[in-house]
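Since the structure comes first, as structure tokens, the remarks are kept for the end.
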Amino acid sequence: MNRATVVEAALRLLDEVGLDALSVRRLAAELGVKSPALYWHFRNKQELLDEMSEALQLSQDLTGPRSGESWREWLARRARERRRLLLRHRDGARLISGTATGPAVLARFDAELAVLVQAGLSPVQALRSVMAIGHYVTGFVLAEQSEHQAQAPDSMAPGPLAERAPHLAAAIGAGGDPQGEDAFEHGLRMLVSGLAGHGR
Numbered sequence: 018m019n020r021a022t023v024v025e026a027a028l029r030l031l032d033e034v035g036l037d038a039l040s041v042r043r044l045a046a047e048l049g050v051k052s053p054a055l056y057w058h059f060r061n062k063q064e065l066l067d068e069m070s071e072a073l074q075l076s077q078d079l080t081g082p083r084s085g086e087s088w089r090e091w092l093a094r095r096a097r098e099r100r101r102l103l104l105r106h107r108d109g110a111r112l113i114s115g116t117a118t119g120p121a122v123l124a125r126f127d128a129e130l131a132v133l134v135q136a137g138l139s140p141v142q143a144l145r146s147v148m149a150i151g152h153y154v155t156g157f158v159l160a161e162q163s164e165h166q167a168q169a170p171d172s173m174a175p176g177p178l179a180e181r182a183p184h185l186a187a188a189i190g191a192g193g194d195p196q197g198e199d200a201f202e203h204g205l206r207m208l209v210s211g212l213a214g215h216g217r
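Numbering (the numbering used here), first residue to last: 18 to 217.
Right, here's the structure in full:
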């Protein structure tokens with residue numbers, strides 16, 4: 018057993034029980050060891066979560082724009098890939114938003130900035146663009162994965178909602194689901210188009 022195998026097991030357990038129920042004791046039982054054996058590899062639960070977050074984020078390949086792909090199209094593609102990555106793991110967005118940024122993730126982030134600087138953005142423009150996209154994706158997935166959203170279909174149905182929020186009810190009744198693929202793409206288009214005045 019090493020740090021990598023512990024992290025792999027922790028991510029599997031995360032998918033089964035969720036972030037709130039994930040504990041060192043439970044993970045130790047899953048691995049068939051006592052809790053002190055895990056503290057040999059990780060000083061505390063937060064260090065384990067940091068490592069899980071890093072493993073999750075580094076599993077997304079970093080490649081530059083494809084042939085004929087603009088930097089805006091590249092950013093949008095990266096956003097879609099990141100959303101799929103976070104949705105692949107239960108509470109994936111909560112995990113990465115509540116952990117420290119390690120050296121490997123920082124280096125990956127800097128490499129993303131380099132792609133945009135090479136495309137003609139200033140370092141400040143590159144930073145703000147990557148941060149804006151990253152915050153949008155994480156926030157959107159947080160909403161998608163939240164327990165409240167999962168339990169809200171009746172209260173958000175057009176019928177019960179019509180008297181309290183008629184415009185919202187009309188939007189939902191017309192197919193305007195605030196979550197899901199269409200909603201994500203709409204917000205992403207608006208965000209990327211707002212960056213149109215920057216770079217080449």
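C-beta: ideal position from N, C-alpha, C; glycine also. Keep in mind the model is a prediction, meaning the values are calculated, not measured.
*How long is the line joining the alpha carbons of residue 152 and residue 205, rounded to whole angstroms?*
11 Å
*Taking 8 Å as the cut-off, decide whether the C-beta atoms of residue 70 and residue 112 are in contact.*
Closer than 8 Å, so yes.
*Just how far apart, CA to CA, sit residue 138 and residue 86?*
Looking at the two C-alpha atoms, the distance is approximately 16 Å.
*Can you give the beta carbon distance from residue 100 to residue 157, rounded, assuming they're within the 8 Å contact cut?*
Taking 8 Å as the upper bound for CB-CB distance, residue 100 and residue 157 are in contact here, some 7 Å apart.
_Buried or exposed, going by whether 16 or more other CB atoms sit within 10 Å of the CB of residue 116?_
buried
*Hey, could you find the ends of the alpha helix (DSSP H) residue 47 is sitting in?*
41–48
*Between residue 80 and residue 114, which are expected to be in contact by the criterion C-beta below 8 Å, what is the C-beta distance as a whole number of angstroms?*
Not really, about 24 Å apart at Cβ, beyond 8 Å.
*Helix, strand or coil at residue 203 according to DSSP, with G and I counted as helix*: helix
*Taking the continuous alpha helix (DSSP H) assigned at residue 73, which residues delimit it?*
In the DSSP annotation of this structure, the continuous segment of the alpha helix (DSSP H) that includes residue 73 starts and ends at 62–75.
*asked:* What ranges does the alpha helix (DSSP H) occupy inside the region 90–130, keeping only unbroken runs of at least 4 residues that lie completely in it?
replied: 109–114
*Any idea what DSSP makes of residue 59, helix, strand or coil?*
coil
*Near residue 82, what residues of its chain come up, given a Cβ to Cβ distance below 8 Å and the 5 sequence neighbours on each side ignored?*
88, 90, 91, 132, 136
*Check whether the Cβ atoms of residue 102 and residue 28 sit closer than 8 Å, and answer yes or no.*
Taking 8 Å as the Cβ cut-off, residue 102 and residue 28 do not qualify as a contacting pair.
_Quick check: the Cα distance between residue 18 and residue 34, rounded to an integer number of angstroms?_
22 Å
*Return the Cβ separation of residue 66 and residue 122 in integer angstroms, given the expectation that the two are a contact with Cβ distance under 8 Å.*
About 13 Å; that fails the 8 Å criterion.
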